[in-house]
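Student:
Protein chains: 2
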Amino acid sequence: MTHSQAVLDGDRLALSRLLTQVENDSPEGRAALIELFPHTGKAHLIGVTGAPGTGKSSLVNQLALHYRKTDGKRVAIIAVDPSSPFTGGAVLGDRVRMRDLSGDPGVFIRSMATRGSLGGLAQSTANMALVFDAAGFDVIIIETVGAGQSEVDVARLAHTTLVVEAPGMGDDIQAIKAGILEIADILVVNKADRPGVENTEKALKSMLDLAHPTQRVFQHHGISMNVDAPEVDSQTPLWIPPIQKTVSTEGKGITELAGSIARHVAHLTHSGDWAVRERTRLEVELEALIREELMNRFQQTVLRAEYQAIVERIIQREIAPGEAAKILMNGRLK
Amino acid sequence: MTHSQAVLDGDRLALSRLLTQVENDSPEGRAALIELFPHTGKAHLIGVTGAPGTGKSSLVNQLALHYRKTDGKRVAIIAVDPSSPFTGGAVLGDRVRMRDLSGDPGVFIRSMATRGSLGGLAQSTANMALVFDAAGFDVIIIETVGAGQSEVDVARLAHTTLVVEAPGMGDDIQAIKAGILEIADILVVNKADRPGVENTEKALKSMLDLAHPTQRVFQHHGISMNVDAPEVDSQTPLWIPPIQKTVSTEGKGITELAGSIARHVAHLTHSGDWAVRERTRLEVELEALIREELMNRFQQTVLRAEYQAIVERIIQREIAPGEAAKILMNGRLK
């Protein structure tokens, strides 16, 4: 028996336990994900990403407080730290957060370090979000550090992606930003009381202009049998990422930011993009599970000795990995 | 017929064409990888990683020049840009490089943007390195931007990983560095003529001290049937990452850096770590190919209509993705 029912009933301890099971990818966690799945699909997933030093954690904190105070929404925060790939460990800033949000039963904060395996982080994050969704959290904020693949994964998972910048973060981050513009639904210039904020804003604006705004095409590098996306009304106005200035340490600009987020949700719903993103997300998840299940089944069919022997032949350069894979698959290994 | 023989014979145009085929994962590229594989295993793979603004490209440039002038080694550079996940495009700084290295037949530079799919980048990079290795390049430098998974992938691929820092890159990059220390074989403080270099060096040193240096365990989150690592002499001294200061724009510290790299190679050979890393790399590659081949075969067995129907049931929350995967696998779908 899993903790599923207790989680649906709002038991925080059961929720906490289940999150651990899901993060560890335990059989109990897997079973619970299947049981909880029918209760999902209601939460708004907000991704928050950006370089270290932009004040993301503090911003997420303020946003959570805003949703609590203003709308009474239940808020979950998943803080993903891909910067510590090998060891794992708590995300910095947790204690700061706890001070403002602790004791509020409408808030649940969970940190997660990477698990090392490719794709494991994205999958774990998606599964945790699913649990929070089923547990009745209205808003799930997924915070991630750093540039690159982890941001892309967050963008694929979230309905709304915030990219956080701050003035004076270095000279040649332009190259990074060019990529980031493509995943950002809302650009946030945090620490907007710092010198250089005009330059940061100007740089972002000119990039937005250069980008020749076209409606974001949701790319899915999935398997070829993907179903077609639902039809989208071509008359729907394009979404051009707004730039919001905030000073998260003082709570400035948070209400305006929440307004932008609300407008984005309205846009997603009206344009049909919400359904497109949901579908994409579920397809990506299905594909990952298929890959994993295939590998599990493969492992059950191949003997360890066979595998060892073929790895040895590769190391001796007798056969290429590509040939070895085929040989193992066909069971033709002597 | 592939370009393999021409590549082995040193034909640069054939090499260039083959690299494109390999990057595009074309059938010709795949066939060539199998043909070339027996000719690999000789090159020294050096990974260079670090945040934007640390001057990595310039450093790689200088290192390549050093190997050309001092040792007459043939050098290939693979510049990976994971910061532009969706679009692709050339890596900044290529033109700067070309100025110093162009016209030298002993140098080959190749830029690569991410291909979007999870794992695709690491695989493409590994395949390109394989081609350069077979083509007789003695040193292959793989340069990558950004923090996170891409760095880990480079560390898994390379024999020697350089992590480049620069003074004054922001206040809370400590969290990043904690993770980076675990993949660094050599720490480079570039732009060492800038103010704050002492602080950067001191911070890195105290982190190294804190890390309680233990021999780097090469983690492989692979499939469970991995063969055992070759025996390593437990008397071998540990490798503690040295800190090298450079001013790459002026070529300062490059000779000393090359000295550190040479000592690392000697350490790898003496300790048996070279063989361990080779084995790990080949096993990771084999596993990736197995996963891919399994997926290909799966796709051939499932009808598009079946797949569409089951995705629809997931979207309607009738079944969870985990159940759907099992149903598709068992061919039990009505």
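Residue numbers (the working numbering), protein chains in the order written: chain A, 811 to 1144; chain B, 811 to 1144.
Built from N, CA and C at the ideal position, the CB exists for glycine as well.
Just so it is clear, the structure is predicted and the values come from calculations on it, not from any experiment.
Just to confirm, is the Cβ distance from A/G857 to A/L972 under 8 Å?
Tutor: Taking the first sequence and counting its residues from 1, the one referred to as residue 857 of chain A is at position 47. Taking the first sequence and counting its residues from 1, the one referred to as residue 972 of chain A is at position 162. Contact flag set, yes.
Student: Measuring CB atoms only, is the region 872 to 888 of chain A touching the region 840 to 849 of chain A, in the sense that at least three cross pairs come out at less than 8 Å?
Tutor: Output reads no: the region 840 to 849 of chain A does not touch the region 872 to 888 of chain A.
Student: A/T1056 lies in the alpha helix (DSSP H); which residues open and close that run?
Tutor: One-based indexing of the first sequence puts residue 1056 of chain A at position 246. No alpha helix (DSSP H) holds A/T1056; DSSP gives it neither H nor E.
Student: Can you tell me whether DSSP reads B/A889 as helix, strand or coil?
Tutor: As a working mapping, residue 889 of chain B is identified with position 79 in the second sequence. B/A889 falls in the strand class under three-state DSSP.
Student: Could you give the C-beta distance for A/L1096 and B/A1072, rounded to a whole number, given that I count them as a contact under 8 Å?
Tutor: Residue mapping note: residue 1096 of chain A aligns to position 286 of the first sequence, counting from 1. Residue mapping note: residue 1072 of chain B aligns to position 262 of the second sequence, counting from 1. Contact doesn't hold; Cβ gap of about 49 Å is too wide.
Student: So does the region 868 to 886 of chain A actually touch the region 945 to 955 of chain A, counting three or more Cβ pairs closer than 8 Å?
Tutor: With a cut-off of 8 Å, the region 945 to 955 of chain A and the region 868 to 886 of chain A count as touching, because enough Cβ pairs lie within range.
Student: Taking just the CA atoms, how far does B/P862 sit from B/G978?
Tutor: Mapped onto the second sequence, residue 978 of chain B falls at position 168. Mapped onto the second sequence, residue 862 of chain B falls at position 52. Answer to the nearest angstrom: the Cα atoms are 12 Å apart.
Student: Return the residues of the region 1086 to 1106 of chain B that lie within a Cβ-Cβ distance of less than 9 Å from chain A, sorted by chain order.
Tutor: Flagged, chain order: E1088, R1089, L1092, E1093, E1095, L1096, E1097, A1098, L1099, I1100, R1101, E1102, E1103, L1104, M1105.
Student: Buried or exposed, going by whether 16 or more other CB atoms sit within 10 Å of the CB of B/S867?
Tutor: As a first step, residue 867 of chain B is located in the second sequence; it is residue number 57 there, counting from the start. Per the 10 Å Cβ criterion, buried.
Student: Give a yes or no on whether 8 Å exceeds the smallest Cβ distance from B/L972 to chain A.
Tutor: Taking the first residue of the second sequence as position 1, residue 972 of chain B is located at position 162. By this cut-off, B/L972 is not an interface position.
Student: Closest Cβ-Cβ distance between A/A1135 and chain B: below 8 Å?
Tutor: Counted from its first residue, the first sequence places residue 1135 of chain A at position 325. True, the Cβ-Cβ gap to chain B drops below 8 Å.
Student: For A/W1084, which residues from the same chain have a beta carbon less than 7 Å from its beta carbon, with the 5 sequence-adjacent residues on both sides left out?
Tutor: By one-based count along the first sequence, residue 1084 of chain A stands at place 274. Excluding residues within five positions, the ones whose Cβ falls inside 7 Å are H969, L1078.
Student: According to DSSP, is A/I1125 part of a helix, a strand, or is it coil?
Tutor: If you number the first sequence from 1, residue 1125 of chain A lands on position 315. Reduced to three states, the DSSP call for A/I1125 is helix.
Student: Mapping DSSP to helix, strand and coil, what is A/D1086?
Tutor: Position 276 of the first sequence holds residue 1086 of chain A. As written in the sequence, residue 1086 of chain A is Val, which differs from the Asp given in the question. Residue state, collapsed to three classes: helix.
Student: Could you spell out where the alpha helix (DSSP H) holding A/I972 opens and where it closes?
Tutor: Walking along the first sequence from the start, residue 972 of chain A turns up at place 162. The sequence given here places Leu at residue 972 of chain A; Ile does not occur at that position. No alpha helix (DSSP H) contains A/L972, which is instead part of the beta strand (DSSP E) from 970 to 975.
Student: Applying the criterion that 16 or more other CB atoms from any shown protein chain within 10 Å of the CB defines a buried residue, is A/S912 buried or exposed?
Tutor: Within the first sequence, numbered from 1, the residue matching residue 912 of chain A stands at position 102. Exposed, since its Cβ has fewer than 16 Cβ neighbours within 10 Å.
Student: For the region 817 to 843 of chain B, list every residue whose C-beta sits within 8 Å of some C-beta in chain A, in sequence order.
Tutor: Those residues of the region 817 to 843 of chain B that come within reach of chain A (Cβ to Cβ, closer than 8 Å) are R840, L843.
Student: Anything in chain B within Cβ reach of A/F1108, meaning under 8 Å, just list it in chain order.
Tutor: Start at 1 with the first residue of the first sequence, and residue 1108 of chain A comes out as number 298. Near A/F1108 (Cβ distances below 8 Å), the residues of chain B are I1100, L1104.
Student: Any idea which residues DSSP pairs B/M922 with across the strands?
Tutor: The sequence position of residue 922 of chain B within the second sequence is 112, counting from 1. B/V890.
Student: Is A/A994 near A/P1051, with beta carbons less than 8 Å apart?
Tutor: As a working note, residue 994 of chain A is residue 184 in the first sequence. As a working note, residue 1051 of chain A is residue 241 in the first sequence. The answer is yes: Cβ separation under 8 Å.
Student: Look up A/I993 in the DSSP assignment and say whether it is helix, strand or coil.
Tutor: Taking the first sequence and counting its residues from 1, one reaches residue 993 of chain A at position 183. Here A/I993 sits in coil by DSSP.
Student: Since B/H854 sits in a beta bridge, which residues does DSSP pair it with?
Tutor: In the second sequence, residue 854 of chain B corresponds to position 44, counting from 1. B/H854 is bridged to B/V949.
Student: Scan the region 1056 to 1089 of chain A for residues whose Cβ lies nearer than 9 Å to a Cβ of chain B and list them as they occur along the chain.
Tutor: Here the close residues are A1085, E1088, R1089.
Student: What does B/M1139 touch in chain A if you count any residue whose Cβ is under 8 Å from its own?
Tutor: Taking the first residue of the second sequence as 1, we reach residue 1139 of chain B at position 329. Those are I1100, E1103, L1104, R1107, listed as they occur along chain A.
Student: Starting from the beta carbon of A/T850, find every residue of chain B whose beta carbon is closer than 8 Å, and list them in chain order.
Tutor: Indexing the first sequence from 1 puts residue 850 of chain A at position 40. Within chain B, the residues near A/T850 are R1127.
Student: Examine chain B for any beta-carbon lying closer than 8 Å to the beta-carbon of A/G882, and answer yes or no.
Tutor: Counting from one through the first sequence, the residue named residue 882 of chain A turns up at place 72. No, A/G882 does not count as interfacial toward chain B.
Student: Residues of chain A with a CB under 7 Å from the CB of B/I1124: which are they?
Tutor: For the purposes of this step, residue 1124 of chain B is taken as residue 314 along the second sequence, with counting starting at 1. Going along chain A in sequence order, the residues near B/I1124 (Cβ under 7 Å) are L1092, L1096.
Student: Within 8 Å (strictly less), CB to CB, does A/V858 reach chain B?
Tutor: Along the first sequence, one-based indexing puts residue 858 of chain A at 48. No, A/V858 lies away from the interface with chain B (no Cβ there is under 8 Å from its Cβ).
Student: What residue range does the alpha helix (DSSP H) around A/H813 cover?
Tutor: For this step, residue 813 of chain A is matched to residue 3 along the first sequence. A/H813 -> no alpha helix (DSSP H), and no H or E assigned at all.
Student: What does the Cβ neighbour count give for A/S894, buried or exposed, with the cut at 16 atoms within 10 Å?
Tutor: Stepping through the first sequence from its first residue, residue 894 of chain A is reached at position 84. At A/S894 the pLDDT is 44, less than 50, meaning the model places this residue with poor confidence; the figure from the coordinates comes in the next sentence. Answer is buried; the Cβ neighbour count reaches 16.
Student: Closer than 8 Å, CB to CB, is A/E953 near chain B or not?
Tutor: Mapped onto the first sequence, residue 953 of chain A falls at position 143. So, not an interface residue.
Student: Where B/A945 and A/E1128 are concerned, what is the direct C-alpha to C-alpha distance, given to the nearest angstrom?
Tutor: For this step, residue 945 of chain B is matched to residue 135 along the second sequence. For this step, residue 1128 of chain A is matched to residue 318 along the first sequence. For B/A945 and A/E1128, the distance between alpha carbons rounds to 18 Å.
Student: For A/I1033, name the three-state secondary structure that DSSP assigns.
Tutor: For the purposes of this step, residue 1033 of chain A is taken as the residue at position 223 of the first sequence. Its pLDDT being 42, under 50, A/I1033 is placed unreliably in this model, and the value from its coordinates should be taken loosely. A/I1033: coil per DSSP, three-state reduction.
Student: Which whole-angstrom value is the C-beta distance of A/V817 and A/V941, which I expect to be below 8 Å?
Tutor: Reading the first sequence from its first residue, position 7 is the one you call residue 817 of chain A. Reading the first sequence from its first residue, position 131 is the one you call residue 941 of chain A. Sure, about 7 Å apart at Cβ, within 8 Å.
Student: Using the Cβ count rule (16 or more neighbours within 10 Å means buried), how would you classify A/L843?
Tutor: Residue mapping note: residue 843 of chain A aligns to position 33 of the first sequence, counting from 1. A/L843 comes out buried.
Student: Does A/G1132 have its Cβ less than 8 Å from a Cβ in chain B?
Tutor: In the first sequence, counting from the first residue as 1, residue 1132 of chain A sits at position 322. A/G1132 counts as touching chain B.
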